[in-house]
Each structure stands twice: as structure tokens, then as C-alpha cells.
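Visitor:
Number of protein chains: 2
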Amino acid sequence: MSTKNPRLSFSRAQGRQPEHKILAIPGPVEVSNNVLEALAQPPLSHVSPDFTRIFQEALSLSRKVVGSQNGQPFVIAGSGTLGWDQVGANLIERGDKVLVLNTGYFGDGFKDCLTSYGAVATILMAPSPGETVPLAAIESTLAGQKYKLITITHVDTSTGVLSDVHDITKVVRRVSPSTLIILDAVCSAGCEDIKMDAWGLDIVLTASQKAIGALPGLSILIASPRAIQTYSSRITPVQGYYASWKKWLPIMEAYVAGKAAYFGTQPVNLVRALTEALKELMKDGEEGLAKRIEAHRKVARRLRAVAAQLGMKSLATQGAEAAGLTAIWVPEGLTASEILQKAGAKGVVFAGGLLADVKDRYIRIGHMGVSVTDEARGDTNRITDVLYSVINELLAEKRMDRATTEI
Amino acid sequence: MSTKNPRLSFSRAQGRQPEHKILAIPGPVEVSNNVLEALAQPPLSHVSPDFTRIFQEALSLSRKVVGSQNGQPFVIAGSGTLGWDQVGANLIERGDKVLVLNTGYFGDGFKDCLTSYGAVATILMAPSPGETVPLAAIESTLAGQKYKLITITHVDTSTGVLSDVHDITKVVRRVSPSTLIILDAVCSAGCEDIKMDAWGLDIVLTASQKAIGALPGLSILIASPRAIQTYSSRITPVQGYYASWKKWLPIMEAYVAGKAAYFGTQPVNLVRALTEALKELMKDGEEGLAKRIEAHRKVARRLRAVAAQLGMKSLATQGAEAAGLTAIWVPEGLTASEILQKAGAKGVVFAGGLLADVKDRYIRIGHMGVSVTDEARGDTNRITDVLYSVINELLAEKRMDRATTEI
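These protein sequence lines are chains A and B, in that order.
full-length UniProt numbering applies: residue 1 is where the first sequence begins, and numbers increase by one.
full-length UniProt numbering applies: residue 1 is where the second sequence begins, and numbers increase by one.
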């Protein structure tokens with residue numbers, strides 16, 4: 001990497017890590033030195049006492065990050081998508097009615113997953129991209145029909161739209177208290193408020209590589225006692241094998257109790273890095289977590305202010321803007337691809353659009369984890385600086401082109 | 001770790017890796033410094049050109065390790081078990097007849113997986129633990145009934161039994177040529193001969209953490225054109241979601257062609273380490289791979305000779321002994337647990353039994369990957385030395401106990 005940061009050299013900013021471009025995408029994100037060092041330890045036996053202690057801690061801390069005391073944690077090798085699969089395989093029986101709130105691409109995906117297990121899905125779409133699903137629509141739909149479960153994408157990674165989970169849970173518990181509430185928190189756990197017990201969530205599923213601050217490759221899911229009860233009392237057998245709680249529940253219960261057990265070999269290095277990341281996340285308890293969430297919001301506000309100066313509007317409407325991810329429309333005349341390319345050359349990696357029909361019309365900037373919480377790294381300044389200079393340079397180039405053409 | 005190796009200090013033996021116990025279990029195994037360093041790089045974007053090149057190389061090399069030119073590789077976040085799940089979800093339609101060859105615990109598991117997808121399984125058990133399934137039994141079973149697929153566990157990790165895959169494929173192709181041949185090569189790819197194309201295998205599935213020499217967390221599967229054809233022409237939809245080739249096939253095809261694509265976030269660090277491991281494995285082409293396999297056999301023979309001197313017999317009958325794993329009965333009067341504990345204290349990790357009813361009657365010693373191929377590490381000498389001294393010390397202790405009791 002030849003690009004130099006005018007304020008902070010890479011080696012100072014990134015500590016013991018080799019020089020590299022800053023990942024400012026909605027995951028994987030930058031990880032701390034401690035997390036990377038935990039990852040890089042020689043592998044442990046998956047049934048050794050050392051690993052058992054580490055895994056037990058990961059399970060226990062996973063619960064805390066989402067505000068659960070007694071939820072049953074599952075940490076399994078797989079991408080975040082495996083969390084959807086666990087819901088489909090273990091909670092759905094063919095013909096079950098489910099209500100899917102859709103605020104972007106990941107609502108489509110969750111629906112797709114559940115229907116592949118025989119669910120009959122009703123979709124409530126946000127009125128337009130960037131908006132949330134109105135509470136009134138949720139209420140009237142729930143009132144008109146009994147649903148086994150409702151799914152909420154906390155932050156849709158394709159749009160940066162934040163759903164108000166607390167408000168939604170209040171509606172569900174009032175209008176249809178037996179409906180299980182499933183939260184896709186892949187892009188929110190660690191950077192948005194989640195009070196699993198207090199709000200009555202039944203499933204919170206997430207992944208390791210976003211605001212949790214570890215590396216990709218782990219599906220993390222917490223199930224309420226009610227969700228486990230629903231699984232235990234199913235009439236038809238669990239569908240599938242790898243996602244089956246019939247296999248994993250005894251394993252996870254064993255490790256929670258500090259005992260090793262075997263179904264599939266745990267990804268020991270990824271788990272070790274996850275435990276380190278969760279320890280960092282929870283080192284000052286709930287209060288510390290709340291501060292971290294606030295730090296994410298602050299960075300998000302600052303980034304949106306810079307974007308606004310550049311004439312770039314958020315996809316997410318006001319009040320529905322995520323703390324860990326900003327999706328912004330590119331200025332008239334520019335494309336996402338040229339912005340990404342120029343930013344990459346300056347040492348910062350942004351992401352393009354994920355909504356197929358406006359893919360090149362917006363960019364997504366991830367601001368999660370150590371980039372936000374470790375100010376000494378200077379990542380967030382660098383991200384805003386690069387956005388600022390890239391857009392200005394590109395606009396200037398276009399003006400120059402136009403001027404040349406006009407001459 | 002306070003234990004000192006008399007011949008070779010840990011730091012010299014393990015190079016740049018921190019001091020640690022040698023993993024002599026059937027996976028995870030010791031990994032090379034290069035693999036660990038590849039793992040420990042800051043994460044890349046899963047859709048970046050850099051990662052795309054790395055992933056493309058992993059896919060291409062995975063094929064080569066199992067002797068396939070045109071097979072379709074799948075590398076997906078998950079444990080080795082996910083390979084079974086891919087077979088069940090994509091190749092099984094309810095009511096399909098399958099023939100499962102059982103040489104241990106993993107035969108039971110594969111059957112369990114396939115029947116969970118609606119397969120009707122016929123099991124051919126090895127006559128007793130340590131033996132392989134007789135070819136005559138396979139032949140007569142295939143002659144009497146048409147099976148959609150047959151599964152072979154190349155090396156059963158619970159028993160160390162090596163099946164003669166080449167001989168079995170000859171029988172299948174002669175007696176029932178339309179039956180798909182599925183090879184579970186989790187404990188064999190990289191340390192046993194596998195000629196996917198030449199032998200007419202339809203699926204070879206393995207995992208990253210054994211003789212491949214990388215870290216746990218990746219399911220690696222190669223499908224023949226005929227297997228892909230069977231999947232494409234299924235009448236009922238694919239079962240499940242996370243294991244579905246409907247989702248993953250376009251993704252893998254894209255990366256094979258050097259283009260990024262998204263279904264779930266790839267575990268970028270694990271993939272990077274896998275690519276490094278596969279490069280080491282294939283650096284001298286097929287000839288180099290053959291030499292590595294021979295090196296594993298040599299170590300296995302030497303270890304079995306030491307075990308024989310100690311009066312410890314292999315579970316596997318002669319000719320059915322794996323190259324990367326030795327399962328041996330413990331001497332009369334000793335238990336697996338006490339052997340494991342004493343070996344651990346001397347800095348070497350062995351594994352206990354996996355067959356429930358003789359769990360404490362035998363131990364398993366893994367000898368795969370860099371421990372075998374990098375002689376300068378001194379791992380295999382250390383493994384045999386520790387086995388030798390542990391058994392002798394325990395036997396001496398027992399004699400002393402007896403003498404004391406008799407006095």
C-alpha cells in the first residue's frame with residue numbers, strides 16, 4: 001500500500017497489524033490487535049479443558065451482549081445465514097404461518113429461507129426503500145391472522161434501515177402474545193440496543209464479523225425458553241441436519257456447563273477470537289456496552305453530517321438510521337463503482353449497493369467495532385476524510401470533463 | 001507449559017509459534033507457521049479482488065488434492081459435518097434408497113444425516129470394529145437392489161480403519177454403474193490416495209483441519225458433473241437452505257471464474273489459511289502429494305511398531321490401517337483417560353476412544369500434516385517418545401501399586 005495517511009501513519013494507527021486498507025464495509029470490519037492475536041494462536045483440541053473454558057465464556061458473553069439472562073446460546077461454524085437456517089429447521093413445521101417485516105434485501109432472504117422449510121409467509125414491505133414498516137400495518141396484520149412467528153431485521157445491511165424493535169415487540173405482545181419474535185441482529189448486536197429478556201424477544205441471531213468485532217465464520221444465536229419449548233414440542237421432526245438443535249442443543253448445554261461434547265469440530269481459532277472480542281465488548285458491563293452503542297451513534301451522526309455537506313442523502317429516513325452502517329445516495333453524475341475504486345486507492349474500502357435496481361446509485365459505509373471504539377486508530381476520521389476528498393475529486397474531474405467538452 | 005522436551009526445545013521445534021502442546025489428535029492438527037500467519041492477517045472484504053483471487057486458488061487446489069480436473073468445488077463455512085448435509089439436502093429426495101458402508105461412528109452419522117432428509121438407508125456394517133466391509137457383501141447388496149448412492153467413509157476417525165476405496169469403486173461401477181459414489185474423506189484428503197476422476201467418485205467431501213493442514217471451520221466438497229446433474233434434475237425442491245447448492249452453486253461458479261459473489265459472508269481468514277495450506281500441499285504437484293502420502297504411511301508404520309513393542313494392538317486389522325491416524329487398544333490394566341492425562345502433562349495431546357462401549361479401552365493418535373511433513377519440528381519423534389514413556393511409567397506405577405498391596 002503506497003497511499004499515506006497525512007495525519008497518522010498506518011503502522012501507528014493499526015498497531016501491531018501489518019499495513020492494510022481500512023475495512024469500512026458492513027462486515028467484516030477491522031478487528032483489534034488482541035482479537036487478531038487470539039485468532040493466531042496454535043489450534044487447541046476442541047474437547048480440551050482450555051478450549052472448553054474459552055467456549056463456555058463465548059456462550060455466556062453472547063447472551064449478555066443481547067440482554068439475556070437465561071437464553072440458550074448457540075455458536076456454530078457457519079455464516080450469519082446459518083442463523084436463519086436454525087430458525088427454519090427447528091421452529092418451522094410445514095404450513096406454519098410467518099410474518100416477515102421487510103426493510104431490504106435481508107428480509108427477502110429470511111423469507112426465502114423460511115419458505116424453503118414450508119412456512120407460509122406474509123410479507124410486510126416498508127412503503128419505500130429507506131423506510132421502516134409502519135406499526136399500524138403490523139398491528140392490523142397481526143390482528144387479522146394468527147402467526148407462529150414474526151421476523152424483524154434490526155438493521156438491514158442493504159439499506160442501513162434501523163427498525164424500532166422495542167416498539168414492534170410492544171405491538172406483538174399486545175395484539176398476538178403467542179407469536180414468537182425473531183430478531184435478525186446480524187448488523188446490530190454490539191452497536192444497537194437489544195434487550196432480549198426485557199422486550200420479550202424469542203430469538204436473537206447474529207454473526208461474528210460485524211459490531212461483535214471478531215472474524216467471519218460463526219453463527220451466533222440466542223433462543224428464549226419459549227423458543228426452545230416450541231422446538232421441543234414440534235410434531236414433525238426437525239428438518240435438516242447441520243442446523244438441527246437435536247444435534248447442537250446437547251452440545252451447547254454441555255459447554256455452557258463447562259463440559260466438552262462433540263457433534264462437529266468447533267472452529268477453535270475463530271471461537272478464541274470471538275471470546276476475546278466479546279470480552280472487550282463487555283469489559284465494562286452493560287454500562288460499557290451502552291457507551292459503545294452511543295459511540296457508534298455519534299460516529300454515524302458525524303458521517304451523515306459530512307455526507308450531507310457533500311450533498312449525499314441517507315437511504316434511511318430520519319429516525320431509522322442505523323448506528324453501525326450508513327447507506328447514502330451518490331451525488332448526481334457519479335457512480336458507486338468509481339467512488340469505491342478511488343476510496344480503495346486511498347486505503348479505505350467502502351461497499352457498493354445491494355439492492356439490485358439501484359446497485360450503482362448508492363454506497364454503504366460500515367462503522368463498527370474497533371474502528372469506532374479505539375479512537376487512537378484514527379479510522380473514523382480517515383473514513384470521513386477519504387469520503388470527502390473522493391467525492392470532491394470526482395466532482396471536480398466531472399466538471400473538468402464537462403468544461404473540456406464545452407470548449 | 002513447563003514440560004521440557006529433552007531433544008528439542010519447543011521454540012526451535014515450533015518455529016515462530018508460541019510454546020504449546022503438540023496436537024496429536026485426529027484433527028485439529030498442528031499447522032505450519034505460514035498457515036498461521038495467513039490466518040492472522042487483518043480481514044479482507046469478502047468481495048474484494050484480493051480475496052477473490054485467494055478464494056479462487058483455494059477452490060482450484062481443493063480439486064487437485066482429490067484428483068479431480070472438472071469437479072465442482074464448494075468451500076463453505078461450517079464443520080466437516082456440513083459436507084454430509086450438502087449430500088442430504090441436494091442429492092436426496094424422500095424415499096431414495098442409499099447404501100451406507102459402516103466402519104465406525106462416522107458411518108452412523110452419515111446414515112443419520114441422510115435419513116433425516118428422507119433417505120431409506122441400508123447399512124453394511126464391518127463384521128467387527130477394526131475391519132472393513134467385505135467387497136462380496138457390497139457386491140451382493142448392490143446386485144439385489146438399486147441404490148441412488150453409496151457412501152464410503154475413507155478413514156473412520158473413530159476406529160482408524162481405512163477402506164479400500166479403489167476396490168469398492170470397481171465393484172460399484174461393475175455391478176451398479178448408475179449408483180453415485182460418495183466418499184467421506186474428512187480424515188483422508190491430503191494423507192491417503194484419492195483419484196476422484198480416475199476412480200469415478202461423484203462426491204468427495206472433507207474438512208480443513210486434518211491432513212489438509214488448515215484450521216477447523218470449513219467444509220470442502222467436490223462434486224462430479226454427474227452429481228451436479230443429479231442435483232439439477234431433482235423433481236422435489238432442495239431441502240433446507242444453508243446447505244443448498246441452489247444458493248451456493250452460482251457463488252462457487254463465480255469465484256472459480258475469478259468473480260466475487262454473495263450468499264453468505266465467506267470466512268475470509270480461514271479461507272486465506274486454507275489457501276496457504278493447499279499451496280504447501282500441492283507445491284510439488286501430484287508427485288509431491290504422493291510423497292507426502294508416503295511420508296504419512298511411514299510415520300504410521302513406525303508408530304504402530306512402537307505400539308506393538310508396548311503390547312498395544314491396532315483396532316484396524318492389517319491392511320486396513322490409516323496413514324494419518326492410529327487407534328490402539330490400551331494395555332491391560334490401563335485406561336485411556338490416564339494415558340491422555342499423563343501425555344498431556346508431557347506436552348502431547350492424544351485423543352480418547354469414540355466408540356461408546358469401548359471409549360476408555362483405546363486411544364487415538366493423529367499424525368497428519370506439518371507434524372509429519374516437517375521433520376525439523378521433531379513432532380513425530382516426540383509423539384512416539386511420549387507414548388513410550390507414558391505407557392512404561394503407568395505400567396511401572398501399576399506394578400509398584402500391586403507390589404505394595406502384596407506386601
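A virtual CB, placed ideally from N, CA and C, is assigned to each residue, including glycine.
On a predicted model such as this, the values are computed, not experimentally measured, just so you know.
For the 8 angstroms Cβ check, are there 3 or more pairs between the region 246-254 of chain B and the region 29-46 of chain B?
Guide: No: the two stretches stay apart, fewer than three of their Cβ pairs being nearer than 8 angstroms.
Visitor: Are the beta-carbon atoms belonging to residue 76 of chain B and residue 191 of chain B less than 8 angstroms from one another?
Guide: No, these two residues do not count as a Cβ contact at 8 angstroms.
Visitor: How long is the line joining the alpha carbons of residue 298 of chain B and residue 132 of chain B, rounded to whole angstroms?
Guide: Going by the C-alpha atoms only, they are around 22 angstroms apart.
Visitor: Please go through the same chain and pick out, in chain order, the residues whose beta-carbon is closer than 7 angstroms to the beta-carbon of residue 108 of chain B, but skip the five residues on each side of it.
Guide: Closer than 7 angstroms at Cβ, skipping near neighbours: 102.
Visitor: By a C-beta neighbour count over all protein chains shown, 10 Å radius and 16 as the cutoff for buried, is residue 46 of chain B buried or exposed?
Guide: Looking at its Cβ environment, which holds 16 or more other Cβ atoms inside 10 Å, residue 46 of chain B is buried.
Visitor: If you draw a straight line from the alpha carbon of residue 100 of chain A to that of residue 125 of chain A, how long is it in whole angstroms?
Guide: For residue 100 of chain A and residue 125 of chain A, the distance between alpha carbons rounds to 8 angstroms.
Visitor: In chain B, which residues lie with their C-beta within 8 angstroms of the C-beta of residue 73 of chain A?
Guide: Ordered by position in chain B, no residue passes the 8 angstroms Cβ test against residue 73 of chain A, which lies about 17 angstroms from the chain.
Visitor: Report all residues from its chain with a CB closer than 8 angstroms to the CB of residue 142 of chain A; omit the five preceding and five following residues, and keep chain order.
Guide: Cβ neighbours of residue 142 of chain A beyond the five flanking positions: 99, 150, 171, 172, 175, 176, 179.
Visitor: First and last residue of the beta strand (DSSP E) that includes residue 184 of chain B?
Guide: Here the beta strand (DSSP E) through residue 184 of chain B covers 180-184.
Visitor: Which one or two residues does DSSP pair with residue 192 of chain B in a beta bridge?
Guide: BP columns for residue 192 of chain B point to B:189.
Visitor: Measure from the C-beta of residue 147 of chain B to each C-beta in chain A and report whether the shortest distance is under 8 angstroms.
Guide: No, its Cβ sits nowhere closer than 8 angstroms to a Cβ of chain A.
Visitor: CB-CB under 8 angstroms to residue 105 of chain A, same chain, minus the five flanking residues each way: which ones, in chain order?
Guide: Within the same chain, residue 105 of chain A has close Cβ partners 156, 157, 158, 159, 354, 355.
Visitor: Whole angstroms is fine: what's the gap from residue 371 of chain B's alpha carbon to residue 352 of chain B's?
Guide: If I take the Cα positions, the gap works out to 20 angstroms.
Visitor: Would a check of beta-carbon distances place residue 151 of chain B closer than 8 angstroms to chain A?
Guide: No, because no Cβ of chain A sits closer than 8 angstroms to the Cβ of residue 151 of chain B.
Visitor: Measuring CB to CB, does residue 205 of chain B end up less than 8 angstroms from residue 185 of chain B?
Guide: For residue 205 of chain B and residue 185 of chain B, yes; Cβs fall inside 8 angstroms.
Visitor: Output the distance between the C-alpha atoms of residue 182 of chain B and residue 114 of chain B, rounded to the nearest integer angstrom.
Guide: Roughly 12 angstroms between the two C-alpha positions.
Visitor: Comparing alpha-carbon positions, which option in B:238, B:350, B:112, B:217 lies nearest residue 270 of chain A?
Guide: It is B:217 whose Cα lies nearest to the Cα of residue 270 of chain A.
Visitor: How big is the Cα-Cα spacing for residue 51 of chain B and residue 220 of chain B?
Guide: If you take the alpha carbons of residue 51 of chain B and residue 220 of chain B, they lie about 17 angstroms apart.
Visitor: Per DSSP, residue 74 of chain B is paired with what?
Guide: Note: residue 74 of chain B sits in a beta bridge opposite B:221.
Visitor: Please say whether residue 278 of chain B and residue 65 of chain B have beta carbons closer to each other than 8 angstroms?
Guide: Against a cut-off of 8 angstroms, the Cβ pair of residue 278 of chain B and residue 65 of chain B comes out as a contact.
Visitor: What residues from chain A crowd round residue 28 of chain B, counting only those whose CB sits closer than 8 angstroms?
Guide: Result: 43, 44, 45, 46, 265, 268.
Visitor: For residue 220 of chain A, go through chain B and note every residue whose CB falls closer than 7 angstroms to its CB, in chain order.
Guide: Under the 7 angstroms cutoff, chain B gives no residues; its nearest Cβ is about 13 angstroms from residue 220 of chain A.
Visitor: Measuring only the C-alpha atoms, how far is residue 187 of chain A from residue 194 of chain B?
Guide: Taking the straight line from one Cα to the other gives about 42 angstroms.
Visitor: When you compare the CB positions of residue 207 of chain A and residue 72 of chain A, do they come within less than 8 angstroms of one another, or not?
Guide: The answer is no: Cβ separation not under 8 angstroms.
Visitor: Who are the neighbours of residue 421 of chain B on chain A, taking C-beta pairs under 7 angstroms?
Guide: Because chain B in this structure spans residues 1 to 407, residue 421 of chain B falls outside the shown range and cannot be described.
Visitor: So with Cβ pairs under 8 angstroms, would you call residue 84 of chain B a contact of chain A?
Guide: Interface residue, yes.
Visitor: Just checking: is the beta-carbon of residue 230 of chain A within a distance shorter than 8 angstroms of some beta-carbon in chain B?
Guide: So, not an interface residue.
Visitor: Under 9 angstroms, CB to CB, which of the residues in the region 114-133 of chain A have a partner in chain B?
Guide: Under the 9 angstroms Cβ criterion, the region 114-133 of chain A contributes 114, 116, 117.
Visitor: Taking 8 angstroms as the threshold (beta carbon to beta carbon), is residue 25 of chain B in contact with chain A?
Guide: Chain A, which has a Cβ nearer than 8 angstroms to the Cβ of residue 25 of chain B, makes this yes.
Visitor: Kindly indicate if chain A contains any beta-carbon less than 8 angstroms away from that of residue 314 of chain B.
Guide: No, because no Cβ of chain A sits closer than 8 angstroms to the Cβ of residue 314 of chain B.
Visitor: Hey, does residue 250 of chain B have any beta-carbon neighbour from chain A nearer than 8 angstroms?
Guide: For residue 250 of chain B, the answer is no, since every Cβ of chain A falls outside 8 angstroms of its Cβ.
Visitor: In the structure shown, what three-state DSSP assignment does residue 25 of chain A receive?
Guide: Correct three-state label for residue 25 of chain A: coil.
Visitor: Count the other C-beta atoms from every protein chain shown that fall within 10 angstroms of the C-beta of residue 117 of chain B, then say buried if there are 16 or more, exposed otherwise.
Guide: Buried, by the Cβ-count rule.
Visitor: So does the region 315-325 of chain A actually touch the region 364-380 of chain A, counting three or more Cβ pairs closer than 8 angstroms?
Guide: The answer is yes - the region 364-380 of chain A touches the region 315-325 of chain A, with three or more Cβ pairs under 8 angstroms.
Visitor: Mind checking whether the beta-carbon of residue 86 of chain A lies closer than 7 angstroms to any heavy atom of the ligand ATP?
Guide: Among the ligands in the structure shown, none appear at all, so the ligand ATP cannot be discussed.
Visitor: Under 8 angstroms between C-beta atoms, does residue 331 of chain B make it to chain A?
Guide: No - not a single Cβ of chain A is within 8 angstroms of the one on residue 331 of chain B.
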